[in-house]
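Working notes for the structure below.
Protein chains: 2
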Amino acid sequence: MDLSNKQITVIFKALCDENRVQIFRLLQGGERCACELLDEMQLSQPTLSHHMKILCDSGLVVGRKEGKWTHYSISADGAEAAIKCISELTAVTETEGKRCCGE
Amino acid sequence: MDLSNKQITVIFKALCDENRVQIFRLLQGGERCACELLDEMQLSQPTLSHHMKILCDSGLVVGRKEGKWTHYSISADGAEAAIKCISELTAVTETEGKRCCGE
DNA sequence: ACCTCATATTGAAAATTTTCTATATTATAT
DNA sequence: ATATAATATAGAAAATTTTCAATATGAGGT
């Protein structure tokens, strides 16, 4: 993959806010339009819109416009990419114990 | 697992900052003490210490104290837990298309 | 006991993020 | 064309996060 540090932060910013995590829980039940999400969240409409932008920017959520509505859903591809990213970042490539600081 | 929204944000906060992502890249080479990390990052010592606290709080990094030094490394268990968390959060449990907003 | 080294904590400034109100945009209906 | 409905954008206030300087803590060494 080879994402920049910056790109990685954009992905995981999706999960750094309690409201956005809650939105994931709502989207687990399938595609939802913004108005439905707004009903269930204690947020103003512009604030929800702001969070949806961050979620879409992360790639973990996709928006589908249809007439007046925008339908949001979890992206399986985005989720896979995020998991791959975290796997790669946490994979230790160390072959053997290099020691430091007087060990 | 069943983590609260808040607990989930604590995990992924680790990956929401470019400096912290860079610290992961350094730790991929194996355990490092704070002074080594400090050498390689453009940060003051207190700022590094602050980031290491956030990383340890996330569970993705563990600190091991040894004499004057603290040695940090990536936690395989923490990584696994984070991956499980993101998998669960992005798993769509929808059985069939429920429609809304005039579809 | 004192000094030094490694790291952590405190407290405040700077930067970023979250939130809201007001307004704009875009689509559909009348 | 006008009105209404759904969502997005702009701009500013509030909250949080990042950062650093100063200081504290704690572990060895002399």
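For the protein sequence lines, the chains are P and B, in the order given.
With the working numbering as the guide, the letters of the first sequence map in order to residues -1 to 101.
With the working numbering as the guide, the letters of the second sequence map in order to residues -1 to 101.
C-beta atoms are modelled at their ideal positions from N, C-alpha and C, and glycine is treated no differently.
Computed from a predicted model, the values in this text were never measured in an experiment.
Could you name the residues of chain B that residue i contacts, counting a contact when the two beta carbons are closer than 7 Å?
| i | result |
| --- | --- |
| E38/P | By Cβ distance, chain B contributes nothing, its closest Cβ being about 12 Å from E38/P, past 7 Å. |
| C99/P | C31, C33 and W67 |
Consult DSSP for residue i and reduce its assignment to one of helix, strand or coil.
| i | result |
| --- | --- |
| V19/B | helix |
| E86/B | helix |
| C99/B | coil |
| G27/P | coil |
| G61/B | strand |
| T102/B | A query on residue 102/B cannot be resolved here, the shown segment of chain B reaching from -1 to 101 and no further. |
| S56/B | helix |
| T68/B | strand |
| L36/B | helix |
| E112/P | No answer is possible for residue 112/P: the residues shown for chain P start at -1 and end at 101. |
| D75/B | helix |
| L1/P | coil |
Just the chain B side, please: which residues come within less than 8 Å of residue i by C-beta, in chain order?
| i | result |
| --- | --- |
| I81/P | I81, I84 and S85 |
What residues of chain P sit near residue i, judged by a beta carbon separation below 9 Å?
| i | result |
| --- | --- |
| V60/B | Going along chain P, no residue has its Cβ under 9 Å from V60/B, so there is no contact; the nearest lies around 12 Å. |
If you count every other CB in all the chains shown that lies within 10 Å of the CB of residue i, and 16 or more means buried, which is it?
| i | result |
| --- | --- |
| K82/P | exposed |
| D55/P | exposed |
| G57/B | buried |
| A89/P | exposed |
| D15/P | buried |
| A74/P | exposed |
| G65/B | exposed |
| E38/P | exposed |
At a CB-CB cut-off below 9 Å, which residues of chain B make contact with residue i?
| i | result |
| --- | --- |
| I72/P | L87, T88, A89 and V90 |
What does a CB cutoff of less than 7 Å around residue i pick up in its chain, not counting 5 residues either side in sequence?
| i | result |
| --- | --- |
| V8/P | D55 and S56 |
| L36/B | Q43 and L46 |
Looking only at its own chain, which residues have a Cβ that is under 8 Å from the Cβ of residue i, when we skip the five neighbours before and after it?
| i | result |
| --- | --- |
| C33/P | W67 |
| A77/B | L58 |
| M50/B | I21, A32, L35, V59, G61, T68 and Y70 |
Residues, ordered as in the chain, of the stretch 3 to 27 of chain P that lie near chain B by beta-carbon distance below 7 Å:
Cβ contacts with chain B: N3, K4, I6, T7, F10, K11, L13, C14, D15, E16, V19, Q20, F22, Q26 and G27.
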